[in-house]
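Colleague: Residue numbers (this note's numbering): 1168 to 1902. The beta-carbon is built from N, C-alpha and C at its ideal position, and this holds for glycine as well. A quick note: this is a predicted structure, and the numbers were derived from the prediction, not measured. One structure, as C-alpha cells, below. Some questions next.
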Amino acid sequence: MPSRSFARLVGVLVFAWAALNLPLLLGLRVLPGDAMNEFYPMVYFNVHSLRTGLAPWWNPLIFGGYPQIADPQAMLFSPLLMAWMLLRADPGMTWFVWATLLHVLMGGIAFMALMRRFKATDVGALLGAIVFMAGGVAASRIQYVPIVLAYSFLPVALLALRWFFDGPTPGRGIIVGLAAGAILVEPVQLTYLIGLMLVPYAVCVAMGRWSSLTPRLRWTVVGGGALAGIVALAMALPQLLLSYAFVTVSNRPVLPLEAATSMSVDWRALLTLFHPNALQSLRGKYTGAVDPIETFLYIGALPSLLLIVGLKKAWAVPVQRRHLMFLGVAAVAAILYMLGGHTPVYGWLYHVLPGIKQFRRPSDSAYLLIVALATAVAFGASHIDLSDRRRWTGILAATTAWLLLASAGMRGTGEGWQAASIVAPITAAAVLWYARRSRDAGRLALALVLLVVVDYRCFNLNGEFNQRGDSGKKFRENPAATFIASRIRDTPQGQLLPRIEAVGLGSGWKNLVVLRNLPAVNGYGPLRWVLFDRWYGPYSDGDGPRPTTPYNADPSSALNRLLGVAYIVQPAGSSSAARIYADDKTEIIQQTALPRVLTPSKAVALLAGAVPSAVDFASTDFASTLIFTPRDQADADLLTHDMSACTGKLQVQSSQSTNVQTDIKTSGAASGWLVVSEEDFPGWVARVDGQEVPHHRADGIVSAVCVPAGDHTVSFTYQPWRMVSEVISRPSAWQ
C-alpha cells in the first residue's frame, strides 16, 4: 500500500470493524451470554440511578441487595463506557454493544498507530490491527465486557508510553497515567496480567533510552513516571479499595488452586491456531477441556502465513526484533499460564505471586498471546512487497488451500457441513486471481483486508461466539414481567416494596429484573456476600437450579418470608398452588410474606457466632420474635445494653427507600425493636433523628435497631467508605 495519511488508514480500519460487526451495530443481534445477562443490567442500573439523581452504590434489586459500587465487574468507574451510556436516558442493549465495540475500535486504532511507530508498513499495521480486534479470543470472548475494556486500552497505554519516552514531559506522563488508570479500573485477571507485562516493558524501554538522555530529561522521566502512577492510582484506587473490601467478605476471598486448575486450557487448544473447528467449537460436539470460547485461538489463514513468511526479515529490523523478543517471551508465558494445571508453572505462580489466588480462569492470558501474534503479523506483513506478484501468488494460493480445508472442517458430531464457510476460500481464490493481474498495490492491500474480514466473518465472528437475540428487549416486553411490575408498583404508599424470586426461568430472569425495577432475591454474578450464600444459597449459575440451604429449602421458606418475597415466578405448570398470573410459559404465585419492616416485641440473643437451628428458624414468628445472631463479641456486648432498654412495641407510621437509604417513621410508648429486611452488610449505618446508633445482626442476615420511645425517623444509609473501614477493622464480623 502506498503511503497514505493515518486518517485514511483509520477509515479503512473502521470499514473493516463495521463489516466484522455489522449485525451487532445494526441492532439485529446483541452480544451473548454474560454481556447481556450480567454486565448490561449492572451498567443499566448505574446509568438509570445517576440520571434520576440517585447514587448507584447499592443495588436493591438483585440478591436481596448488593454492593454494586464494589463489584469489580460493574464498570461504574469505566470512564468512556459510562460516558457513552449516560448519553441516553434509557440505553438499550444495542447502545451497550456500541459502547463495547467502540472500545475495540479504539484499541485497534491505537494498535495500528503503535505498529507504525515500530516501522510497520501501512498494510502491516492495518492487518495487525484487525487481528488485534477480532483474532482468537478477542472474538470468541467478546461477551466478557470488563475484560474487553482492559484489553482495548492496552495498546492505548503502550502508545502513550512510547510517546512519553520519545519526548518526556509531565503532560505526557499524565496521559500515560490516564491510559493505565482506564485499565486499572477494571480489576479483572487480564488487568493483573497486563500489569505484569507493562511494568517490565516500561523498564526495558527506559533502560534502552537512559544513556541517551540528558540529566534533565532523566529527572523528567522519573517525575513523569511518578506522575503517571499517581494519576492511574487516583483513577483506580476507589474501585480497588471497594472491591478489596467486598472480596474479603465474599464467597471467594481466596480461590483454592483446584478452582483454577480445573479451568485449565489443554494443549489441544493450540490446534485452533491452524484449524478453527479443531475442537468442534464452531460446528459439532465440542471436545475441548473448558468453555469453547476460551480455547479459540484462530487468527486467520492469511495473517498466519504473513507472519511466517515475513518473520525473518522483521527480525533484521532492530526495533521489530526487540519487540518480537519481548512479546515472544510474553506469548510463551501466556501459553504456559493458560495451560494451568497441565504444567507446574501455574501452581508455582499461585504460591509465589500475590493476587493470583483471586482468579480462576487461566485462559485470560490468551489475550496477551493474541497481542503478540497481532504484532508479529504486522511486522511480517510489512516485509512482503505488494508489487511482488510471484510472492503473493504463492501466499494467496496457500491461503486458498488453507481456507478450503478450514471450510471442509466445518462439520462435526451431529452437524453437517456449514456451507456458508465456503465463502472464505472462494474470496481467497478471487483475491489470488486479482493479485495475478493487478499492478495497483493500494487496491491489492484493500483486497487483502477484505479477505481477512471474510475469513473472520466465516469463522471467528460467524455468530457462534459473538451474537444472540436481544433477551433484554424480550424481558421488557414479557407479559409476566409486565404483570408483576404492575403489581409491585401498586404497593401502598408508605410501605417498602415486596420482593420476587424467579425459579427455573434461567438467566433471563436473574439480573434482567433491573430493567423492570423488580426487587428480587435472585441474581447472577460470581461475587456474593458470604453470609447470603450461607443462609440463602449461591445463585451463581445463570441457568442453574435454585440454590437450597437448611434455612431456605424452597421458595416458601421462612427465610423468603422474612425477606419479603411475596411473589414466586416460575415455569408454567410448576405448581398446583393458586396463581395470580399464568400464560403458556410462566406462572406467578403470590405467597404470604412478612412486611419489609417489622416491630417484634420479643427478643432472644444467641452467643457471638452462634446460629439457630434450621428447625427453630423455620418455626419462629419473626413478626413477634427477634433472634439476635451477633456479628462478633463487640456486637454482642452492645446488644446486651440495648436489650435491657428495648422492651416495648413500636408502631410504623410510614417507610420509604431509595438505592442507598431507607427512612422509617415510628412511634412508641417505650423503646422497641425495629427490624428491616435489608442485609446486615458492612457499610450500612443506622441513625435515629440524624444521630448514629448501633444496629445489630438479626435473624441471621438482616438488621435491627433499638428505637427510643416517642416519634422518630429511623434511617438506614449505605456508605461505601464505611464498608471499607469496617471490613479492614473487623473482617471476621462480616464473614
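(1) What's the gap between the Cα of Leu-1536 and the Cα of Thr-1567?
(2) Can you give the Cα-Cα distance for Gly-1392 and Ile-1350, rounded to whole angstroms?
(3) What ranges does the alpha helix (DSSP H) occupy inside the region 1536–1576, keeping only unbroken runs of at least 4 residues that lie completely in it?
(4) At 3 residues or longer, and completely inside the region 1400–1487: list those beta strand (DSSP E) runs for me, N to C.
(5) What residue range does the beta strand (DSSP E) around Gln-1828 cover?
(6) Where does Ser-1896 sit, in a helix, a strand or coil, going by DSSP?
(7) With DSSP collapsed to three states, give me the class of Gln-1902.
(8) State the CB to CB distance for the pair Thr-1716 and Gly-1704, rounded to an integer number of angstroms; the pair is presumed to be in contact (CB under 8 Å).
(9) Ends of the alpha helix (DSSP H) at Arg-1864?
(10) State the start and end residues of the unbroken alpha helix (DSSP H) segment that holds Gly-1178.
(11) Check the C-beta distance from Ser-1532 over to Met-1492 and give it rounded, since I have them as a contact under 8 Å.
(12) Kindly indicate which three-state DSSP category Asn-1678 falls into: helix, strand or coil?
(13) Measuring only the C-alpha atoms, how far is Val-1519 from Arg-1527?
(14) List in chain order: all unbroken alpha helix (DSSP H) runs of 4+ residues lying wholly within the region 1723–1767.
(15) Which residue from Val-1538, Ala-1539, Leu-1516 and Leu-1540 puts its Cα closest to that of Pro-1529?
(16) Residues in the same chain with beta-carbon distance under 6 Å from Asn-1444, minus the five sequence neighbours each way, listed in chain order, please.
(17) Alpha carbon to alpha carbon, how far is Ala-1292 from Phe-1278?
(18) Anyone know if the C-beta pair for Phe-1546 and Gln-1585 falls short of 8 Å?
(19) Taking its Cβ as the centre, do 16 or more other Cβ atoms sit within 10 Å of Val-1366, making it buried, or is it exposed?
(20) Which ranges does the alpha helix (DSSP H) cover as unbroken runs of at least 4 residues, wholly within the region 1326–1404, from first to last along the chain?
(21) Apart from the five residues on each side of it in sequence, which residues of its chain come closer than 6 Å, Cβ to Cβ, to Gly-1910?
(22) Could you tell me the alpha carbon to alpha carbon distance between Val-1315 and Asn-1627, rounded to whole angstroms?
(23) Residues in its own chain within less than 6 Å of Pro-1898 by CB, not counting five upstream and five downstream?
(24) Which residues does DSSP list as the beta-bridge partners of His-1879?
(25) Can you say whether Gln-1818 is buried or exposed, counting buried as having 16 or more other CB atoms within 10 angstroms of its CB?
(26) Would you identify the three-state DSSP class for Thr-1716, choosing helix, strand or coil?
(27) For Asn-1226, which three-state DSSP category applies?
(28) Using alpha carbons as the reference points, say which of Phe-1212, Ile-1551 and Val-1688 lies closest to Glu-1846.
(29) Is Pro-1677 buried or exposed, if buried means 16 or more other CB atoms sit within 10 Å of its CB?
(30) Is the region 1302–1309 touching the region 1354–1363 in the sense that three or more CB pairs, one from each, lie closer than 8 Å?
(31) In the DSSP output, which residue or residues are listed as bridge partners for Arg-1666?
(32) Does Asp-1809 pass the burial test, meaning 16 or more other C-beta atoms within 10 Å, or should it be called exposed?
(33) Is it true that the region 1368–1383 meets the region 1412–1432, where meeting means three or more beta-carbon pairs spaced less than 8 Å apart?
(34) Measuring alpha carbon to alpha carbon, tell me which of Pro-1223, Arg-1556, Ala-1565 and Leu-1806 ends up nearest Ala-1602.
(35) Rounded to whole angstroms, what's the CA-CA distance from Ala-1573 to His-1442? Just pull it up for me.
(36) Below 8 Å CB to CB, which residues in the same chain sit around Asn-1213 once its five sequence neighbours on both sides are set aside?
Modeller: Inspection of the coordinates gives the following:
(1) Numbered from its first residue, the sequence shown carries residue 1536 at position 369. Numbered from its first residue, the sequence shown carries residue 1567 at position 400. So the two alpha carbons sit approximately 25 Å from each other.
(2) The count along the sequence shown starts at 1 and reaches residue 1392 at position 225. The count along the sequence shown starts at 1 and reaches residue 1350 at position 183. Those two C-alpha atoms are separated by around 16 Å.
(3) 1556–1575
(4) none
(5) Here residue 1828 corresponds to residue number 661 of the sequence shown, with the count starting at 1. Looking at the DSSP string, the run of the beta strand (DSSP E) that includes Gln-1828 is 1828–1834.
(6) Counting from one through the sequence shown, the residue named residue 1896 turns up at place 729. It is helical.
(7) Here residue 1902 refers to the residue found at position 735 of the sequence shown. In this structure, Gln-1902 counts as coil in the three-state DSSP scheme.
(8) Here the question's residue 1716 lines up with position 549 in the sequence shown. Here the question's residue 1704 lines up with position 537 in the sequence shown. Rounded, the Cβ-Cβ distance is 5 Å, consistent with contact.
(9) Counting from 1 along the sequence shown, the entry for residue 1864 is found at position 697. It is not in any alpha helix (DSSP H) - Arg-1864 instead sits in the beta strand (DSSP E) that spans 1862–1865.
(10) One-based indexing of the sequence shown puts residue 1178 at position 11. Residues 1173–1187.
(11) As a first step, residue 1532 is located in the sequence shown; it is residue number 365 there, counting from the start. As a first step, residue 1492 is located in the sequence shown; it is residue number 325 there, counting from the start. Actually they do not touch by this definition, with Cβ atoms about 19 Å apart.
(12) Taking the first residue of the sequence shown as position 1, residue 1678 is located at position 511. Note: Asn-1678 maps to helix in three-state DSSP.
(13) Residue 1519 sits at position 352 when you count from the first residue of the sequence shown. Residue 1527 sits at position 360 when you count from the first residue of the sequence shown. Their backbone Cα atoms lie some 16 Å apart in a straight line.
(14) 1725–1729
(15) Taking the sequence shown and counting its residues from 1, the one referred to as residue 1529 is at position 362. Among Val-1538, Ala-1539, Leu-1516 and Leu-1540, the Cα nearest to that of Pro-1529 is on Leu-1516.
(16) The residue given as residue 1444 occupies position 277 in the sequence shown. The residues are Arg-1450, Gly-1576 and Met-1577.
(17) Translated into the one-based positions of the sequence shown, residue 1292 becomes position 125. Translated into the one-based positions of the sequence shown, residue 1278 becomes position 111. Straight-line Cα distance between these residues: approximately 8 Å.
(18) As a working mapping, residue 1546 is identified with position 379 in the sequence shown. As a working mapping, residue 1585 is identified with position 418 in the sequence shown. Contact: no.
(19) Position 199 of the sequence shown, counted from the first residue, corresponds to residue 1366. Exposed is the call here.
(20) 1337–1351 and 1356–1377
(21) Absent from the model: residue 1910. The displayed extent of the chain is 1168 to 1902, so no value can be given.
(22) Residue 1315 sits at position 148 when you count from the first residue of the sequence shown. Residue 1627 sits at position 460 when you count from the first residue of the sequence shown. Using only the alpha carbons, I get a separation of about 16 Å.
(23) On the sequence shown, position 731 is the one that residue 1898 refers to. Close CB contacts of Pro-1898 within its chain, under the 6 Å cut and outside five residues either way in sequence, are with Thr-1415 (chain order).
(24) As a position in the sequence shown, residue 1879 is number 712, starting the count at 1. For His-1879, DSSP records a beta bridge to Thr-1833.
(25) The residue given as residue 1818 occupies position 651 in the sequence shown. With fewer than 16 Cβ atoms within 10 Å of its Cβ, Gln-1818 is classed as exposed.
(26) Along the sequence shown, one-based indexing puts residue 1716 at 549. DSSP places Thr-1716 in strand when its eight states are reduced to three.
(27) Residue numbering aside, residue 1226 sits at position 59 when the sequence shown is read from its first letter. In the structure shown, Asn-1226 sits in a strand (DSSP, three-state: E or B).
(28) Position 679 of the sequence shown, counted from the start, is the residue given in the question as residue 1846. Checked all of Phe-1212, Ile-1551 and Val-1688; the closest Cα to Glu-1846 is Val-1688.
(29) As a working note, residue 1677 is residue 510 in the sequence shown. According to the sequence shown, residue 1677 is Lys rather than Pro. It is buried - the Cβ of Lys-1677 has at least 16 other Cβ atoms within 10 Å.
(30) no
(31) What you label residue 1666 is simply residue 499 of the sequence shown in a count that begins at 1. Val-1732.
(32) Locating residue 1809 in the sequence shown gives position 642, where the first residue counts as 1. Asp-1809 comes out buried.
(33) Taking 8 Å as the limit for Cβ pairs, the verdict is that the region 1412–1432 does not touch the region 1368–1383.
(34) As a first step, residue 1602 is located in the sequence shown; it is residue number 435 there, counting from the start. When only C-alpha atoms are compared, the closest one is Arg-1556.
(35) The residue you call residue 1573 lines up with position 406 of the sequence shown. The residue you call residue 1442 lines up with position 275 of the sequence shown. Looking at the two C-alpha atoms, the distance is approximately 6 Å.
(36) Within the sequence shown, residue 1213 is the residue found at index 46, counting from 1. The residues are Pro-1223, Gln-1235, Ala-1241, Met-1242, Leu-1243, Met-1249 and Met-1252.
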